[in-house]
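Numbering-wise, full-length UniProt numbering puts 134 at position 134 of the sequence shown, and it's gapless, one number per residue. Beta carbons: idealized from backbone N, C-alpha and C, even for Gly. Reading through the structure tokens given below for one structure.
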Amino acid sequence: MSLTISYEPPEGGKVWYVDVALSESYEDVLNAACTLWRNRLPSDDCIIGRYLARQIKRHGETEWARISEARFLQLVQDTPEDLELRLELDIQTGRHYRDTSTPSSLEMPPPLLNIDGNNYGVHSCLDDSSSATEIATNNTHAPSHTPLTPTSLIGNSIRHYQAPSIVDSPTHQNTSNYPPSSATTATIRNATYEDGLNAFFAGRFSDARAHFQLAADECHDTGDAFQEAECLLRLGMTCRHLKDYPNAISHLSSARKIYESLDCRREQLQCGRNLARVSEDQNNYQEALRTYQEIKASARVVGSQTEEAWCDYSLGRLYNRMRQFDDALQHLSQAIRASQALKNQEIEAYATEESGHSAERQQRRELAIQCYERALAMFKTRGRGRWTDSENRVKKRLEHLGVKQSRSRIGSFFGRRQSTSAT
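Here is the structure:
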């Protein structure tokens with residue numbers, strides 16, 4: 001059999017085709033196609049995710065569905081005839097290219113503080129991504145190591161982060177991480193699932209649960225096991241937001257069981273991390289701590305740097321909750337460094353916000369404001385206006401600290417950061 005890769009330029013026009021050597025390595029095929037088109041694709045600095053997709057039929061229509069490494073291996077081994085896959089890229093927003101990605105699988109967190117009321121001391125903990133669209137990225141440039149202090153953490157982030165061009169008027173486009181990042185797997189373009197994501201990102205969790213349940217049923221009926229697991233994973237995360245812990249555990253466990261049957265190891269770790277988050281929310285801190293540490297170690301074994309970074313963020317959040325701020329800073333700093341090396345702005349946004357919460361709890365108001373403002377900018381950039389739940393949460397944090405949001409303030413903040421970065 002032969003393996004043909006196609007690519008549809010985001011600006012439109014004729015579809016490109018290339019015939020590549022048959023390989024069981026997902027990454028080798030991606031590299032071969034990108035190398036042959038290196039003079040025609042966007043620059044590496046613009047590309048934040050690379051995926052392979054195959055054609056499927058849904059409701060009588062032909063669509064391209066991104067595939068995981070495990071699914072790719074199955075197709076190569078089991079397909080006797082010629083195989084055609086499509087290269088899809090997630091591209092940073094710019095003037096010449098558009099994103100080609102599906103919605104991210106980022107889990108949007110509830111507020112750390114009960115800002116809607118007067119009890120600002122309540123720590124209802126920040127959430128992380130379950131980045132079901134994660135990609136493991138091997139970065140050859142080791143991050144710099146500076147002393148682990150709040151000031152060095154914030155300064156290190158400033159040096160790596162460039163002011164986004166779309167903060168004043170973000171363009172509404174579908175994006176991916178998750179993470180993402182972030183993704184060895186991808187979401188089939190299921191309209192019901194996407195409706196669930198939209199509701200989830202907006203904080204409408206009851207609506208999201210209904211959509212994800214319906215999407216899971218549809219996938220079960222069509223025999224799409226991988227997408228069914230994706231829906232169940234998201235459904236479990238949604239139930240946790242709604243504090244329906246028994247159903248959260250049930251759905252997450254069911255998703256993990258399907259991933260196990262498909263030999264999707266990274267996705268199994270994501271399910272495990274979300275189950276640990278349920279334990280954390282139920283105040284079983286030691287159990288959650290042990291599980292996060294085990295998952296981080298397993299992520300290192302399977303080579304998932306993104307999952308390791310999410311685990312560091314989760315550990316930092318948990319240590320904050322336990323008031324062990326030095327340990328929290330250690331892991332949050334690692335999460336920020338790793339996310340910058342991976343160019344994963346989702347992880348960086350959450351870790352930066354959690355760093356702000358840590359600073360706030362230690363009465364370091366100015367540092368907290370800097371963290372929150374940068375996290376808000378990253379949420380706006382990455383979400384393209386869709387992640388209203390996270391944006392509103394961070395705005396309320398800033399308002400609680402006496403900061404009123406305005407375009408001029410954000411603009412001046414970016415100006416300071418650009419100046420700092422240039423020195």
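- H220 and T4 have their C-alpha atoms some 30 Å from each other.
- Beyond the five residues adjoining it in sequence on each side, S279 comes within less than 6 Å, by CB distance, of E287, A288 in the same chain, given in chain order.
- Linking R323 to L329 through their CA atoms gives a straight-line distance of about 11 Å.
- Closest in alpha carbon position to T238, among S206, Q305, E366, L52, is S206.
- In this structure H251 is buried. Its beta-carbon is surrounded by 16 or more other beta-carbon atoms within 10 angstroms.
- Around the Cβ of G196, a 10 Å sphere holds 16 or more other Cβ atoms; the residue is buried.
- Rounded to whole angstroms, the Cβ separation of A375 and E346 is 11 Å, and the two are not in contact under 8 Å.
- When DSSP states are grouped into helix, strand and coil, W37 belongs to the coil group.
- In this structure, the beta-carbon distance from L87 to A33 falls below 8 Å.
- For a cut-off of 8 Å, the C-beta gap from S2 to L22 is around 7 Å, short enough to register as a contact.
- If you draw a straight line from the Cα of Q268 to the Cα of C231, it comes to about 14 Å.
- Annotated three-state conformation of L52 is strand, per DSSP.
- Taken through DSSP and simplified to helix, strand or coil, E88 comes out as strand.
- Between the stretch 355-368 and the stretch 378-387, the count of C-beta pairs closer than 8 Å stays below three; the two stretches do not touch.
- Selection V403, E194, S333, R337 evaluated against E366 yields V403 as nearest (Cα-Cα).
- In the three-state scheme derived from DSSP, where H, G and I count as helix and E and B as strand, A65 is classed as strand.
- The Cβ neighbour count for T306, taken over all protein chains shown within 10 Å, is at least 16; the residue is labelled buried.
- Counted as a single uninterrupted DSSP element, the alpha helix (DSSP H) harbouring D389 occupies residues 388-400.
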